[in-house]
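**Student:**
Protein chains in written order, with the numbering used here: chain A, 89 to 603; chain B, 89 to 603.
Here it is in structure tokens:
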């Protein structure tokens, strides 16, 4: 058994049985091993950002890491932007990067680069296997590193000779490390703040945004009058009927500051002190008032769910109602297409048990409010701000959950960073309906130009935000990669086509003309 | 004048008047400055790899750097693969990367990352501007760094407040550093080796592959009987009628070793000791025989052209004929499409003064031989092995040379890494004819599987090389981004459609079905 096969066997033994791959010469032994070993699903992608974004979506839904297989430094480089997003979402991920054979690296062949150096800014763990007999153990260490709470990106570099030389067989994979229980002081401090009578808030992130965490937070809200919010973007949140609705801190800085105004205390539940997404001239970086007190109930790596249970016990909140949302979806909108009508129809159309991957950018602000009373669903967002994650993430989520419909609400500008995702969606027959919101511009940047105080903008500047000239035909584009679809210009068509996409097995794309 | 405007003015004063941009919030002041300052052409791209690849193509043709404008760490990350290629091609390039405001970076907002760390593996020079008054001087230093022979990638990181705060105005840009004259010993050593009577070879790269360098090498060959070769891939080579034909070292390792067998002496002219592209089990990394002697006539940063003049003088070779190719293009091929017939028709169809951007991968091996006697043209290739450079490089070359037709011979798998290039080609009305060689596979990897000794491959492994399921419709794909085109299944159609594309202003795509 060579090193590559020992790694594939180790990955499978460690529960890592899905690999998003864009291999080259240096990865051929890993690829060849796929036929000698049962149990690894290898999904081909045409661009490496699809691989890392799909691995992110997969892990968020499967609650275990996927692997990626990428080709030397440049292959890794193309995957870094979505590794950045995964890092910010605390997603476990294992990247296998082929490198030149150890003895070949000194010769500075064309594809030689500093792979470890490139990986480090976007990985929590990086290792290069020194020889074939170490590959399996390094693979096991990568699994352990990726799964260490709260989850991180692990990058294992595999020189070609460590893949093709003889190895000893698979390595044992350590048990998954458990989340740490928070201290009694943390529980008491949180409870004290919440029952102080002063305006206080639970700020939720991570596992606290699943059903049980939301339920507990809802009960604490009823018991104490504290507010509950989530961070501006959520990695994964359970929503719709049966879940307690929790608003997010708004993205626009003035709205965000208004939302947090007057708070005496914020209890962090796996979340972080809220900061502005960008700096703006003459505006602060911190969103909460200067005199707001923070207490940390649970750090990101700690067991925030168990901590919430203990806070609820401490407060006597377990027995009060939780204010879960009822099933009462809005009727679908008719007439003209605009942000509000799309929000309403989404609320109407989200199917039971759907995964909603939202990268709506400038159009997405109203989606949350209209979907509280929809069918139960899971919401995934980009935590790292590197736009272009939506389509890869939808791809990975669909692979993790073949029996759940995936609805990817996707802005046009961000869609174009990893548009190759559509091909993999067609190849794998994934049940993804992409709602492509086409406003033919980087519309969010129009607001940002004003927000950063960039005055006197003229044609040349506005051209940099303009995605017309030429208009992109997204329905046609999807079709050329095997994904059927339709373009809609009224909400009646929107409702029909989104429903058709959701009812159709395999991928479908609905292009929504917003202009 | 703010920092951003001081930088734009400095770039223009330093001759950097083209910028390939995919900006975000942190770059809005740079974008806003474009309307207040005349002389900067800003070209919007939909994916950052298009920006860096286009900057590479631009600089190879314009012989001066372009700028790119990218959005924080992830925007840079998406541009790194083509920065790798530019680094290996010794291309001057200036990347402007917006970052969070200096005071905002401590808060670890979602888009925060170690930008310098990410840039360093793929940049020869990296700097972060500390304040607005330093931005212009740092821009001037970036230009100087990029243009320092032999040329390198310079990355300047611009925190948002250094862009929006008040600056003092543009900085003076130092004169471009000249290439260093080689020593007399280097000239004498080279001449001695070439007239030794033993089998010897000039190995050319860089400026030696332009008309004058080829002419000199041709005369030296006639005078001494020495061979002339170029490295396996050429950054830029002048070819066709009037140029001395120079073969490249073959890519397949056995052919490469055969080509260099028996050589007693290799004189490096801006080139490097030839090494295998990849390592293969039980094959050496070095391509020349173990007892071959190397002498360095010119290092990459030295003046190889002037050095060749002096060697020719020393050898008395200036007066002998140079063996330049005559104009005698082959007749276009008819009938079935295959590698040989495509090569022949390319030889027939290359128009005078064309720029041929070649990323043909598995199909491209025969293109050189059939085009020696074509119309005079310039040939550009990928020097770094990160496939996907072709379409961006064609985009940049067309912007640098608006009066020259660009012919981009492009394999299907590599096309999909930066397919968004087509949109920019349409937007800018660039005169690029893309010949898309669609064999519906990563065909080169079929050979590489065998070369690396990956035995027992089955369906799952072969699936990773297969780009059918679904077939990509490249003509349709181009059309959706504003580029017209046609699919061809015979050489007659090939000849008609490639000629049509070359005769049509603006971009055109000819999809060549190879299966």
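We treat Cβ as the ideally placed atom computed from N, Cα and C, and that holds for glycine.
Source: prediction; values computed, not measured.
Cβ of residue 398/A less than 7 Å from any chain B Cβ?
**Tutor:** No - not a single Cβ of chain B is within 7 Å of the one on residue 398/A.
**Student:** So, helix, strand or coil for residue 458/B, using DSSP?
**Tutor:** Residue 458/B: helix per DSSP, three-state reduction.
**Student:** Helix, strand or coil for residue 540/A, going by three-state DSSP, please let me know.
**Tutor:** If DSSP states are grouped into helix, strand and coil, residue 540/A belongs with coil.
**Student:** Considering only residues of the same chain and omitting the five flanking positions on each side of residue 288/A, which have a CB-CB separation below 8 Å?
**Tutor:** Hits under 8 Å: 281, 282, 312, 314, 315, 351, 352, 353, 354, 355.
**Student:** Cutting at 8 Å between CB atoms, please list the residues of its own chain near residue 427/B, excluding the five before and the five after it.
**Tutor:** Result list for residue 427/B: 451, 453, 454, in chain order.
**Student:** Just list the residues that DSSP pairs residue 187/B with in beta bridges.
**Tutor:** Bridge partners of residue 187/B: 247/B.
**Student:** In chain order, what residues of the segment 216–227 of chain B put their CB closer than 7 Å to some CB of chain A?
**Tutor:** So the list is empty, because no residue satisfies the distance condition.
**Student:** Comparing the C-beta of residue 382/A with each C-beta of chain B, is any distance below 7 Å?
**Tutor:** Chain B contact via Cβ: absent.
**Student:** Alpha carbon to alpha carbon, what distance is there between residue 178/A and residue 54/A?
**Tutor:** This structure cannot settle anything about residue 54/A, because the visible part of chain A is limited to 89 through 603.
**Student:** Which class does residue 508/A belong to by DSSP, given the choice of helix, strand or coil?
**Tutor:** Note: residue 508/A maps to coil in three-state DSSP.
**Student:** Could you tell me the distance, in whole angstroms, from the CA atom of residue 603/B to the CA atom of residue 485/A?
**Tutor:** About 34 Å.
**Student:** Starting from residue 560/A, find everything on chain B with Cβ-Cβ shorter than 7 Å and list it in chain order.
**Tutor:** Residues of chain B passing the Cβ test: 511, 568, 569.
**Student:** Cα separation between residue 500/A and residue 260/A?
**Tutor:** Their backbone Cα atoms lie some 45 Å apart in a straight line.
**Student:** Going by DSSP, what residue range makes up the alpha helix (DSSP H) through residue 343/A?
**Tutor:** Segment 341–348, the alpha helix (DSSP H) holding residue 343/A.
**Student:** Taking the CB atoms as reference points, tell me whether residue 437/A and residue 329/A lie closer together than 7 Å.
**Tutor:** In this structure, residue 329/A does not lie closer than 7 Å to residue 437/A by Cβ.
**Student:** Take residue 145/B as the anchor and find which of 520/B, 575/B, 562/B, 590/B has the nearest alpha-carbon.
**Tutor:** Looking at the Cα atoms, 520/B is the closest of the given residues.
**Student:** Strictly by DSSP, which residues pair up with residue 467/A?
**Tutor:** Paired residue(s): 325/A, 444/A.
**Student:** So for residue 529/A, helix, strand or coil by DSSP?
**Tutor:** In this structure, residue 529/A counts as strand in the three-state DSSP scheme.
**Student:** Considering only the alpha carbon of each residue, which of 596/B, 430/B, 590/B, 229/B lies closest to residue 214/B?
**Tutor:** The shortest Cα separation from residue 214/B among 596/B, 430/B, 590/B, 229/B belongs to 229/B.
**Student:** Looking at residue 433/A and residue 424/A, is the spacing between their C-beta atoms short of 7 Å?
**Tutor:** Cβ distance not < 7 Å, so residue 424/A and residue 433/A don't count as in contact.
**Student:** With distances taken between CB atoms, is the gap from residue 359/B to residue 274/B smaller than 7 Å?
**Tutor:** No, Cβ-Cβ distance for residue 359/B and residue 274/B is not below 7 Å.
**Student:** Drop a sphere of 10 angstroms on the beta-carbon of residue 535/B, count the other beta-carbons inside from all chains shown, and report buried for 16 or more, exposed for fewer.
**Tutor:** Label assigned to residue 535/B: exposed.
**Student:** For residue 114/A, return the contacting residues in chain B, with the cut-off set at a CB-CB distance below 7 Å.
**Tutor:** Within 7 Å Cβ-Cβ: 366.
**Student:** Would residue 542/B pass as an interface residue toward chain A - the criterion being a Cβ-Cβ separation below 7 Å?
**Tutor:** For residue 542/B, the answer is yes, since a Cβ of chain A falls inside 7 Å of its Cβ.
**Student:** Is residue 526/B close to chain A? Criterion is C-beta to C-beta, closer than 7 Å.
**Tutor:** Closer than 7 Å: no.
**Student:** Under a CB-based cut-off of 7 Å, is residue 519/B close to chain A?
**Tutor:** So, not an interface residue.
**Student:** On the CB-based measure, 16 or more other CB atoms within 10 Å of its CB, does residue 593/B come out buried or exposed?
**Tutor:** Counting Cβ neighbours within 10 Å, residue 593/B comes out exposed, since fewer than 16 surround it.
**Student:** Using the Cβ count rule (16 or more neighbours within 10 Å means buried), how would you classify residue 629/A?
**Tutor:** Past the edges of chain A, shown from 89 to 603, lies residue 629/A, and the structure says nothing about it.
**Student:** Do residue 112/B and residue 220/B have their CB atoms nearer than 7 Å?
**Tutor:** It is not a contact, given that the beta carbons lie outside the stated cut-off.
**Student:** Return no unless some Cβ of chain B is closer than 7 Å to the Cβ of residue 135/A.
**Tutor:** Yes, residue 135/A counts as interfacial toward chain B.
**Student:** So is residue 280/B in contact with chain A if we call contact Cβ pairs under 7 Å?
**Tutor:** With 7 Å as the cut-off, residue 280/B does not count as an interface residue toward chain A.
**Student:** In three-state terms, what does DSSP make of residue 602/A?
**Tutor:** Of the three classes helix, strand and coil, the one that applies to residue 602/A here is coil, per DSSP.
**Student:** Within its chain, find whatever has a CB closer than 6 Å to the CB of residue 472/A; leave out the 5 residues flanking it on each side and keep chain order.
**Tutor:** The answer, listed in chain order, is 172, 173, 176.
**Student:** According to the neighbour-count rule (16 or more other Cβ atoms, all chains shown, within 10 Å of its Cβ), is residue 265/B buried or exposed?
**Tutor:** It counts as exposed.
**Student:** Identify each residue in the segment 186–206 of chain B for which the Cβ-Cβ distance to at least one residue of chain A is less than 7 Å, and report them in chain order.
**Tutor:** Those would be 188, 189, 191, 192, 195, 197, 198, 199, 201, 202, 205, 206, in chain order.
**Student:** When you compare the CB of residue 460/A with every CB in chain B, is at least one pair closer than 7 Å?
**Tutor:** Chain B contact via Cβ: absent.
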